[in-house]
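Here's the structure we're looking at; comments come further down.
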Amino acid sequence: MEGKDLQELRELVEFLKASGIAEFEMERPDLKVGLRFAGETPAAAAPGVDMAQMAALLAAAKVSSAPLAVPAAAPVNLAASAEPAAAPATEADPHAGAHVVKSPIVGTFYDAPSPDADPFVQVGDKVSVGKVLCIVEAMKLMNEIESDAAGEIVKVFVKPGQPVEYGQALFAVK
1435 MEGKDLQELR ELVEFLKASG IAEFEMERPD LKVGLRFAGE TPAAAAPGVD
1485 MAQMAALLAA AKVSSAPLAV PAAAPVNLAA SAEPAAAPAT EADPHAGAHV
1535 VKSPIVGTFY DAPSPDADPF VQVGDKVSVG KVLCIVEAMK LMNEIESDAA
1585 GEIVKVFVKP GQPVEYGQAL FAVK
């Protein structure tokens, strides 16, 4: 994309933001552009948008037919110059600073050795390194998952019988 084309695209982005349009798509034989602004809900057109002005901007945009080469490791963020949206007020994470025990395998989570047995651990239980926390069944093999940190169980992230992925959080230990 040439410098002039990039400038026209930036102007289009600024116009869409100023108009309150949250989502925009344009497709031509040699170009496809899709924009979605974070934190916004999609709208066909915001009230008061001058569609004639938008059409003129789109008609004025002359885009090269040469493909745009962008390295995968360095994505382009056209909205980077935009003012950050106000973050909604969130309460403090009660598990901040806790060690998270993650699933080492894909399988099915079980919190007890059998359906009629008590769970290995519950919220509030003290655990030491090596204590069995749960079982993850994978290909009919029951794999005991042990704690890799000592402390108190403050959160169980999954329910018995729920499928879990590799690296998925199972317990928070503080």
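Per our numbering, the very first residue in the sequence shown carries number 1435; after that it's consecutive.
All residues carry an ideal CB built from backbone N, CA and C; glycine is no exception.
Contacts around residue i, its chain only, beta-carbon distance under 6 Å, and the 5 residues preceding and following it disregarded
i     : result
A1606 : H1529, A1532, V1534, V1588, K1589
M1576 : I1569
A1516 : Unreliable positioning characterises A1516 in this predicted model, as indicated by a pLDDT of 45, which lies under 50. A coordinate reading is not provided.
G1564 : E1580
V1467 : M1460
K1560 : E1586
L1450 : F1458
G1601 : K1536
V1540 : E1599, Y1600
P1476 : Annotation note: pLDDT 46 at P1476 (below 50); position unreliable, coordinate value reported separately. Around P1476: A1456, E1457.
K1556 : The identity of residue 1556 in the sequence shown is Gln, whereas the question assumes Lys. So no residue of the chain qualifies.
E1571 : G1541, T1542
According to DSSP, residues forming a beta bridge with residue i
i     : result
P1597 : T1542
L1604 : Answer is none; L1604 lacks a bridge partner.
M1576 : E1571
V1555 : Beta-bridge pairing links V1555 to no other residue.
F1458 : L1469
K1589 : A1606
K1560 : E1586
V1535 : F1605
Residues near residue i in its chain [Cβ-Cβ closer than 7 Å; skip 5 each side]
i     : result
E1578 : V1566, I1569
F1554 : D1545, A1546, V1566, L1567, C1568
For residue j and residue i, believed in contact at Cβ under 8 Å, the rounded distance
i     : j     : result
S1537 : S1562 : The Cβ separation is near 20 Å, so there is no contact.
R1470 : E1461 : Not confirmed; about 15 Å, so no contact.
P1594 : Y1544 : 6 Å
F1591 : A1583 : That pair is no contact at about 15 Å.
Sequence-distant residues of its chain with Cβ nearer than 8 Å to residue i (five each side left out)
i     : result
K1608 : H1529, G1531, A1532, H1533, G1585, E1586, V1588
D1610 : Not covered by the structure: residue 1610. The range shown for the chain is 1435 to 1608.
Any non-hydrogen atom of the ligand ZN within 7 Å of residue i CB
i     : result
E1580 : With respect to the ligand ZN, the structure shown offers nothing to examine, as it has no ligands at all.
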